Each structure stands twice: as C-alpha cells, then as structure tokens.
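When we follow this note's numbering, the leftmost residue of the sequence shown carries the number 24, and every step to the right adds one. Glycine included, each C-beta is placed from N, C-alpha and C at the ideal position. For clarity, every value in this text was computed on a predicted model and none was experimentally measured. One structure is given here, and the rest of the page talks about it.
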Amino acid sequence: MWSAFLGACKLHGDVQMARRIAEHLCTSEPGSCSSNYVLLADSYTDIGEWGEAEEIREVMEARGVEKAAGCSWVEIGSCMHSLLAGDELHPQIEVASQSFTKIISPN
C-alpha cells in the first residue's frame, strides 16, 4: 500500500510526501528499498530538482543499494521472451524492439 502512495506522490509531484514515504518504506521494508529510492529520485527529476535526485543516488551508493535491472516480457509468435534493460544480445531483440515501439507509438 505504501508503495502505491509513493507512486501517487510521483504522479502528483508531491516530493516532500514522497520522501517521507520512501524513508518509511526503506525502514519498514528494506528489501524493496532500491525501487523506492529510484522512484523518489525520478520524482525529483520530474520537477527539475536534479540536485536532489543526485543526492538520492548518492545515498543509494553510500548504503550499497543497487538498482535492479528492468525486465520486460513480450510475446513473439506463440513464445514469451524475457528481456532485461540494455540486453542487446537476445536473439529476438529486433522483433521485441518493434513490438515495444508499436505499444508506445500505436500510430
């Protein structure tokens, strides 16, 4: 539930509330801390507060918190493929990229 509040704060640009929620989440749910820090840093960049976003990234580094690579699933033909962010070696990367492009830009 708290992660949903954090996402809502990002959506509505309430970084002060987002920071309090992220601190609460990192204390109560330390295993999911990386995604909360990233969401908080992204909240700051959304409103142009680049210095604050960098501060969050520095806290992550100081605490040894690593951002997990993003993962997407795409169905090509009748087969599901898992792709990690930055994965350019997947044998179906071109087809997957075209599929993602169609989703993002349906025109």
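Between D123 and A85, what straight-line distance do the alpha-carbon atoms span, to the nearest angstrom? One-based indexing of the sequence shown puts residue 123 at position 100. One-based indexing of the sequence shown puts residue 85 at position 62. At residue 123 the sequence reads Phe, which differs from the Asp that was named. C-alpha separation (whole angstroms): 35 Å.
Is the separation between the beta-carbon of S120 and that of L106 shorter than 7 Å? For the purposes of this step, residue 120 is identified with residue 97 of the sequence shown, where counting begins at 1. For the purposes of this step, residue 106 is identified with residue 83 of the sequence shown, where counting begins at 1. No, these two residues do not count as a Cβ contact at 7 Å.
Identify every residue that forms a DSSP beta bridge with L107. Here residue 107 corresponds to residue number 84 of the sequence shown, with the count starting at 1. According to DSSP, L107 bridges with C94.
Give me the residue from W73, R42, I70 with the minimum Cα distance to N59. For this step, residue 59 is matched to residue 36 along the sequence shown. Comparing Cα positions, the closest option is R42.
Rounded distance between the beta-carbons of I44 and W25, thought under 8 Å: By 1-based counting over the sequence shown, the position of residue 25 is 2. By 1-based counting over the sequence shown, the position of residue 44 is 21. So it is a contact: roughly 6 Å between Cβ atoms.
Are the CB atoms of A92 and I79 nearer to each other than 7 Å? Locating residue 92 in the sequence shown gives position 69, counting from the first residue. Locating residue 79 in the sequence shown gives position 56, counting from the first residue. Against a cut-off of 7 Å, the Cβ pair of I79 and A92 comes out as no contact.
Using the Cα positions of I99 and G109, report the straight-line distance between them to the nearest angstrom. For the purposes of this step, residue 99 is taken as residue 76 along the sequence shown, with counting starting at 1. For the purposes of this step, residue 109 is taken as residue 86 along the sequence shown, with counting starting at 1. Distance between the alpha carbons of I99 and G109 is about 19 Å.
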